Amino acid sequence: KSGVFYVADDTPARLQIRRFREKMAQYLNDPLLARLEIKDWGELFEYLSDRLPRKRFYIAIDEFPYLLKNDMSILSQMQRWWDESLSRSSVFLVLSGSMLGLMSESVLSYASPLYGRRTRDLLLEPLGFEDARQFVKYPFEDALKLYLTVGGVPEYLLRASEYSGIMDFLRREFFDKMGYFYREPFYMVSQDLRELRTYFAILDAIARGNTRPTRIGNYVGIEGRSIYPYLQALSRLGLVERETPILGDSRRGVYVIRDSMFAFWFSLVYANRQAIEQESFELSEDLLTPYYGHTFERFVRREFFPRLGHTMVGRWWHRGEEIDIVSVDEKEAKLVLVECKWSRLTKSEVHSVIARLQHKAEKISWRRGSRRELYGVVARRVLGKNELRRNGYLVYDLRDIRSVFEAV
């Protein structure tokens, strides 16, 4: 389809109106519109109502929240334009934006003048690993590390594609005070939320392992249930999420940082800002290992295991015990218990891991006595895989993960 694609920015409303008018004038081939001095959105929309072509075309406005920030009246003016003209035309109007808070509260909410007029709303999720790794020409392990660092956001992946490897990218863009990601979380949170210090303290608390609301509140200094509105706001923006244990009590949920870039930043950049500012920070593989160990587990659970045919997969915890991956097959009465390690494992180390899993399995009551149990490990590298598999264990390392993703 043909149409107009306009990208808004954070400039005064009159300048935005002029730029949008020029875009429409060019598309409509309307020299009068190109010369007109129009001061508000209502006047521009009224002019366009009489001159829209009958053919099917689109008007797409990206980063629409910037228009709202500079002139909230555009919502009521657009409502009138839609009701009196666009709804009876062949125009396909698309409003998009990366500020989820403003889009949700001002455009999609019940209180919005545009409420009830949308045909459909779509929340674009980050790309999965299979697609994300196509952006870079890194070796497989580096591509996975990149995905664990920035997730599947195309803009971030394109920036990483300018570098030959993951370590150079991290040094220049995260751990340098002139880097793109060094201040990115400050910018992103301030666009949608007030009380920046409070929200940063909450994210810092979660990154440090305080995942229950009470512990988060104690860390931040917010008492009782007053912490919940803050957690809900971060959840709406897709920055945190609540996890519950598979085959466990849903009331024992914990909060984790959902956004990969935020998780990496609060785990490694935020705590080292003073050294980064003083240009005395030294990045090393050893510093990154704990972070990749934690996020590798989530990747295996959410993206690798589903590719192996596991449909009900989660994490289990109870009274201090935890299992990284538990897969349940109700039909076959099968329970799969797996531990993840971002390290090199020998056969004896795998046997030790399996023994611990067997002990923990005794505390899972699901179909106890009638279920079939399988145990396994997923690691960066496993020695003696074939022998371990002959013993009936599920064993995977990065070579196996690569084979699965490259088989698609």
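Sequential numbering from 228 applies to the sequence shown in the numbering used here. C-beta: ideal position from N, C-alpha, C; glycine also. This one's a predicted model, so the numbers in the text were calculated from it and none came from an experiment.
Residue 344 has its alpha-carbon roughly 42 Å from the corresponding atom of residue 437. The segment 518 to 532 and the segment 452 to 469 do not touch, with fewer than 3 CB-CB distances between them shorter than 8 Å.
Contact between the segment 331 to 339 and the segment 308 to 316 is absent, with fewer than three C-beta pairs closer than 8 Å. Annotation: the continuous beta strand (DSSP E) that includes residue 542 extends over 540 to 545. Within the same chain, and ignoring the five residues on either side of residue 250 in sequence, the residues whose Cβ sits closer than 7 Å to its Cβ are 231 and 233. In the DSSP assignment, residue 571 falls within the beta strand (DSSP E) that extends over 561 to 572. The beta carbon of residue 531 sits closer than 6 Å to those of 628, all from its chain and outside the five residues before and after it, given in chain order. For residue 608, there is no enclosing alpha helix (DSSP H); the enclosing beta strand (DSSP E) has its first and last residue at 599 to 609. Linking residue 355 to residue 572 through their CA atoms gives a straight-line distance of about 27 Å. Excluding residues up to 5 positions away in sequence, 295, 333, 334, 339, 340 and 341 lie with their Cβ nearer than 8 Å to the Cβ of residue 302 in the same chain. Residues of the same chain with a CB within less than 6 Å of the CB of residue 577, apart from the 5 flanking positions on each side, are 604 and 615 in chain order. Contact annotation: the segment 558 to 571 touches the segment 592 to 612, with at least three C-beta pairs closer than 8 Å. For residue 443, the enclosing alpha helix (DSSP H) stretches over residues 440 to 447. Excluding its 5 nearest sequence neighbours in each direction, residue 477 has C-beta neighbours in its own chain below 8 Å: 471, listed in chain order. Under the three-state reduction of DSSP, residue 287 is assigned to strand. Under the DSSP assignment, residue 375 falls in the alpha helix (DSSP H) whose first and last residues are 367 to 377.
Under the DSSP assignment, residue 523 falls in the alpha helix (DSSP H) whose first and last residues are 512 to 526. Rounded to the nearest whole angstrom, the C-alpha separation of residue 446 and residue 440 is 10 Å. Here residue 299 is not near residue 272, since their CB atoms are 8 Å or more apart. In this structure, DSSP gives residue 483 an extended state, which the three-state scheme calls strand. When Cβ pairs closer than 8 Å are counted between the two stretches, the segment 364 to 379 is seen to touch the segment 485 to 505, the count reaching three or more. Ranking 621, 382 and 493 by CA distance to the CA of residue 537 puts 621 first. With respect to residue 370, residue 386 sits apart: the two C-beta atoms are not nearer than 8 Å. Secondary structure note for residue 623: its beta strand (DSSP E) is the uninterrupted segment 621 to 623. Under DSSP, the beta-bridge partners assigned to residue 550 are 543. Only exposed fits residue 259, as fewer than 16 other CB atoms lie within 10 angstroms of its CB.
The DSSP-derived three-state label of residue 436 is coil. Counting only runs of 4 or more residues that sit fully inside the segment 287 to 373, the alpha helix (DSSP H) segments are 291 to 297, 300 to 311 and 356 to 359, in chain order. Distances from the alpha-carbon of residue 594 to those of 307, 474 and 229 put 474 closest. As a beta-bridge residue in DSSP terms, residue 556 pairs with 561.
Within its own chain, no residue has a Cβ closer than 7 Å to the Cβ of residue 500 once the five positions on either side in sequence are excluded. Between the C-alpha atoms of residue 547 and residue 241 there is a straight-line separation of about 59 Å. Residue range 268 to 276 is occupied by the alpha helix (DSSP H) that includes residue 269. Exclusion of the five residues before and after residue 584 leaves 550, 564, 565, 566 and 602 as the residues of its chain whose Cβ lies within less than 8 Å of its Cβ. Take the alpha-carbon of residue 291 and the one of residue 279: they are about 21 Å apart. Spatial neighbours of residue 408 in its own chain (CB-CB distance under 6 Å, excluding positions within 5 residues in sequence) are listed in chain order as 400 and 401.
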